[in-house]
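Numbering (our numbering), first residue to last: 1153 to 1439.
By construction, the Cβ of each residue, glycine as well, lies at the ideal position given by its N, Cα and C atoms.
This one's a predicted model, so the numbers in the text were calculated from it and none came from an experiment.
The block underneath contains the structure these notes are about, expressed in structure tokens.
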Amino acid sequence: MSFKRHVNNPGSGRKLGRPAAGMTAAALLLLGGCSGQGGRFGLLEAASDRAPFMGDLWKGAWIASISIGVLVWGLIFYAIWRYRRRPGNIAPRQTKYHLPMELLYTLVPLLIIAVLFFYTVKAQNRVLEQEDKPDHVINVVGQKWSWTFNYMEQDNPEVKNVVHQVGTMSFIPDLVLPVNKSVRFNLASADVIHSFWVPAFYFKLDVIPGHPNTFDLTPTKVGEFDGKCAELCGTYHAHMIFKVKVVSEADYNAYLKGLAASGQTGEKKAPVSATQMATQPAKEPHK
Ligand SMILES: [Cu+2]
């Protein structure tokens, strides 16, 4: 008897310990994930002047959600513990039509939504603010299933041309941008709804046929970033991945002069026809 108890007890103890250990591991992972990225709650390192507004909204929303979550879970667990079934217990007093309580749980969620709405509109207005005169203008065409970039540099004394790079199914051009210069993006679609998204810029805007969309931003970090189509647009939607290369203004001008020298001048507007796509040399296949 005593031998049996000795063998069984450690086993049952381990079983009880597992859920607690799992929860602790999950909490540590969550905290590790947050602190590992400098408290950005999963966001990439910011690379545009619009990122702080969106980043602050994201962080604020997380902090508000976690605080409310902890309060609600706390109250739930308190109620479970405080009113747990005990031998000889009778049911606690039941409350109906408690007006102050009903007002509380109607007004508090409304207040939470109002606060989130206020900060969302505030961030959105800052993100969509337009420059009086952007340094550069790029007309972007989204098409099934690639991107075409038109660099409107006719007034740039270095380039003196509108320069384009047309995307095809087998070639998606890189988007080259000058660092610390404001850029206006005019988005047009050749067919269906796409969405222009550069995660490191914390910016995404739909590309809608017949409805030009526009936004301004200034890339603030030299480097290579990923760009994607964020709207399911058909069979090869997943192929619409492009590279964003943020370079110095001198490199930007040199790159565009190179495109102009190879004859890629003039604007390729939506819809980009199959012939236009076919005449483009596929220089560097997209990796
Ligand atoms: Cu798309």
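Following a CB-centred definition, is histidine 1346 positioned closer than 7 Å to any heavy atom of ligand 1? Against the sequence shown, residue 1346 aligns to sequence position 194. Distance from the C-beta of histidine 1346 to the nearest heavy atom of ligand 1 is below 7 Å.
According to DSSP, which residues form a beta bridge with asparagine 1365? Residue mapping note: residue 1365 aligns to position 213 of the sequence shown, counting from 1. Bridge partners of asparagine 1365: Leu1339.
Cβ shell of tyrosine 1235 (< 8 Å), same chain only, five flanking positions each side left out: The residue you call residue 1235 lines up with position 83 of the sequence shown. In chain order, Pro1244 place their CB closer than 8 Å to the CB of tyrosine 1235, counting only its own chain and leaving out the 5 sequence neighbours on each side.
Provide the residue(s) that pair with methionine 1304 in DSSP beta bridges, ordered along the chain. Position 152 of the sequence shown, counted from the start, is the residue given in the question as residue 1304. Paired residues: Val1314.
For lysine 1421 and valine 1293, what's the separation of their Cα atoms in angstroms? If you number the sequence shown from 1, residue 1421 lands on position 269. If you number the sequence shown from 1, residue 1293 lands on position 141. So the alpha carbons of these two residues sit roughly 7 Å apart.
Distance between alanine 1266 and proline 1103 (C-alpha atoms, nearest Å): Because the chain is modelled from 1153 through 1439, residue 1103 falls outside the range shown and cannot be assessed.
Is histidine 1440 near ligand 1, with its Cβ less than 7 Å from a heavy atom? What is shown of the chain runs 1153 to 1439, which leaves residue 1440 out entirely.
Write down the C-beta distance between isoleucine 1360 and isoleucine 1345 rounded to the nearest angstrom, noting that I regard them as a contact closer than 8 Å. Mapped onto the sequence shown, residue 1360 falls at position 208. Mapped onto the sequence shown, residue 1345 falls at position 193. Taking a contact as a CB-CB distance under 8 Å, the pair isoleucine 1360 and isoleucine 1345 counts as one, their CB atoms being some 5 Å apart.
For glycine 1379, which beta-bridge partners are listed by DSSP? For the purposes of this step, residue 1379 is identified with residue 227 of the sequence shown, where counting begins at 1. As a beta-bridge residue in DSSP terms, glycine 1379 pairs with Phe1394.
Quick one: what does DSSP say asparagine 1161 is sitting in, helix, strand or coil? What you label residue 1161 is simply residue 9 of the sequence shown in a count that begins at 1. Note on asparagine 1161: pLDDT 39, under 50, position unreliable in the model; no value is reported.
CB-CB under 8 Å to glutamate 1283, same chain, minus the five flanking residues each way: which ones, in chain order? Numbered from 1 along the sequence shown, position 131 holds the residue referred to as residue 1283. Excluding residues within five positions, the ones whose Cβ falls inside 8 Å are Ser1334, Arg1336 and Asp1368.
So what does tryptophan 1225 bridge to, in DSSP terms? Against the sequence shown, residue 1225 aligns to sequence position 73. In the DSSP output, where bridge partners are listed per residue, tryptophan 1225 has none listed.
Measuring from the CB of glycine 1375, is there a heavy atom of ligand 1 at a distance below 7 Å? Stepping through the sequence shown from its first residue, residue 1375 is reached at position 223. For glycine 1375, the CB stays at least 7 Å from every heavy atom of ligand 1.
Three-state secondary structure (DSSP) at valine 1374? Stepping through the sequence shown from its first residue, residue 1374 is reached at position 222. Coil at valine 1374, not helix or strand.
Inter-residue spacing [alpha-carbon to alpha-carbon] between leucine 1227 and arginine 1192: Taking the sequence shown and counting its residues from 1, the one referred to as residue 1227 is at position 75. Taking the sequence shown and counting its residues from 1, the one referred to as residue 1192 is at position 40. When rounded, the distance between both Cα atoms is 28 Å.
Can you find a heavy atom of ligand 1 that lies under 7 Å from the Cβ of methionine 1321? As a first step, residue 1321 must be located in the sequence shown, where it is residue number 169. No, the beta carbon of methionine 1321 sits no closer than 7 Å to any heavy atom of ligand 1.
Suppose the cutoff is 7 Å on Cβ atoms and the five residues either side in sequence are ignored; what does the same chain contact list for valine 1315 look like? Start at 1 with the first residue of the sequence shown, and residue 1315 comes out as number 163. Answer for valine 1315: Tyr1303, Glu1305, Leu1408, Leu1411, Ala1412, Gln1416 and Thr1417, listed in chain order.
In the DSSP assignment, what are the bridge partners of asparagine 1332? As a working note, residue 1332 is residue 180 in the sequence shown. Secondary-structure assignment with DSSP links asparagine 1332 through no beta bridge to anything.
Are the Cβ atoms of lysine 1356 and alanine 1382 separated by less than 8 Å? Indexing the sequence shown from 1 puts residue 1356 at position 204. Indexing the sequence shown from 1 puts residue 1382 at position 230. Contact check for lysine 1356 against alanine 1382 passes: the beta carbons are separated by less than 8 Å.
Distance, leucine 1327 Cα to histidine 1363 Cα: Working through the sequence shown from its first residue, we reach residue 1363 at position 211. Working through the sequence shown from its first residue, we reach residue 1327 at position 175. Each residue's Cα considered, the two are about 22 Å apart.
What separation, rounded to the nearest whole angstrom, lies between the Cα atoms of proline 1330 and phenylalanine 1353? Residue numbering aside, residue 1330 sits at position 178 when the sequence shown is read from its first letter. Residue numbering aside, residue 1353 sits at position 201 when the sequence shown is read from its first letter. So the two alpha carbons sit approximately 14 Å from each other.
For lysine 1296, the three-state DSSP class (helix, strand or coil): Here residue 1296 is taken as the residue at index 144 of the sequence shown, counted from 1. The answer is coil: DSSP assigns lysine 1296 none of H, G, I, E or B.
Count the CB pairs spanning the region 1245-1259 and the region 1198-1214 that are closer than 8 Å, and state whether there are at least three. Fewer than three pairs of CB atoms, one per stretch, sit closer than 8 Å, so the region 1245-1259 makes no contact with the region 1198-1214.
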